[in-house]
Amino acid sequence: MNIDKKSALLVIDIQQEDFKEMKENDIENPAWDCIRNAKRVLDVFRKNGLPVIQVKEVHRADLTDIGRELDGSEGIHCLETSPYTDYAKLTYPIEGEYRITKRRYSAFFGTDLEILLKGLHVDTLYLIGGLTDVCIHYTAADAHQHDYYIKVVIDAVAGSSREAHEYALKAIQYLQRDALVTTADVESAQISDKSSSKG
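Given below as structure tokens:
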């Protein structure tokens, strides 16, 4: 597999609220596989100087911008007044990484992500984080509709349940047959100048 230099990494909602802080020696806890793998993918993009865009969901304390989110399974979350709304420490943004704050599930909705991607001349988006069936899915769908190639790193995303995770991945693959990759694929990939290399 090749990673085109016109690729960017979207780190979606890896926040303390959803990914409680892991301990480095907590290797027996399978719940941390996603964030461990996300860090491995992040390390590849950082090492190769590829754009990293850190996205987090934030809502005002008076809930004026939360919209219909409370109509479903989710309770009040990601309030701007909560310290747990901040990025998780393991994948915390470093200097030179872009930050996007969103009020809805898709990282495209009501943000300047599209302007940023155009400025970076990006055509391929790698997605890690969560939730697979919510913010990953809706961001991937919007990316597809904006004509970006999408690559969801299947072992670096987590869903609200195993079943929801699997169904969301199938839905994303329906949009783009080559959309699903693994952390190992990313780590073994060659960085390519050829914009036609999407494998």
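Going by the working numbering, the first residue of the sequence shown is number 1185, and it counts up by one from there. The beta-carbon is built from N, C-alpha and C at its ideal position, and this holds for glycine as well. Computed from a predicted structure; not experimentally measured.
Nearest-angstrom Cα separation, counted from residue j out to residue i
i	j	result
Thr1269	Asp1339	23 Å
Ile1219	Ile1198	8 Å
Asn1221	Arg1244	31 Å
His1305	Asp1188	12 Å
Thr1295	Leu1301	12 Å
Ser1379	Lys1190	Caution is warranted here: a pLDDT of 49 is assigned to Ser1379, below 50, making its placement in the model unreliable, and the coordinate value is therefore given only provisionally. Looking at the two C-alpha atoms, the distance is approximately 7 Å.
Thr1366	Val1336	8 Å
Tyr1332	Val1341	19 Å
Gly1256	Gly1303	36 Å
Lys1382	Leu1193	Confidence in Lys1382 is poor, its pLDDT being 49 and thus under 50, which makes the residue's placement unreliable; the coordinate value appears in the next sentence. So the two alpha carbons sit approximately 15 Å from each other.
Ile1320	Ser1266	23 Å
Asp1217	Thr1248	35 Å
Leu1359	Glu1350	15 Å
Ile1334	Asp1307	9 Å
Tyr1289	Arg1361	23 Å
Ala1355	Arg1346	14 Å
Which residues DSSP lists as bridging residue i, in chain order
i	result
Ser1376	Asp1188
Glu1241	Lys1286
Thr1308	Ser1191, Tyr1333
Ile1196	Val1239, Gly1313
Leu1364	Val1336
Val1341	Gly1313
Tyr1351	For Tyr1351, which the question treats as bridged, DSSP gives no partner whatsoever.
Tyr1271	Gln1199
Leu1263	His1243
Residues near residue i by beta carbon distance below 8 Å, same chain, minus five either side
i	result
Lys1223	Leu1274, Thr1275
Phe1292	Glu1298, Thr1323, Asp1326, Ala1327, His1330
Ser1372	Met1185
Leu1226	Leu1193, Val1195, Val1236, Thr1275, Ile1312
Assumed close pair residue i, residue j - CB separation to whole angstroms, cut-off 8 Å
i	j	result
Leu1391	Ser1344	Only positions 1185 to 1383 of the chain appear in the structure, and residue 1391 is not among them; the question remains open.
Glu1241	Lys1286	6 Å
Asn1186	Ser1376	4 Å
Neighbourhood of residue i by C-beta distance below 6 Å, restricted to the same chain and skipping five residues each side
i	result
Asp1317	Gly1343, Ser1344, Ala1348, Ala1352
Asp1369	Met1185
Phe1229	Leu1193, Val1236
Contacting residues, own chain, Cβ-Cβ under 7 Å from residue i (five flanking each side not counted)
i	result
Ile1250	His1243
His1261	Glu1201
Gln1374	Asn1186
Gln1357	Ala1363, Leu1364
Leu1263	His1243, Ala1245, Thr1269
Pro1277	Gln1238, Tyr1271, Arg1283
key: Inter-stretch contact at 8 Å, needing at least 3 Cβ pairs: the segment 1232-1250 / the segment 1270-1282   = yes
message = I'd like to know if the segment 1324-1341 and the segment 1298-1314 are in contact, where contact means that at least 3 CB-CB pairs between them fall below 8 Å.
response = yes
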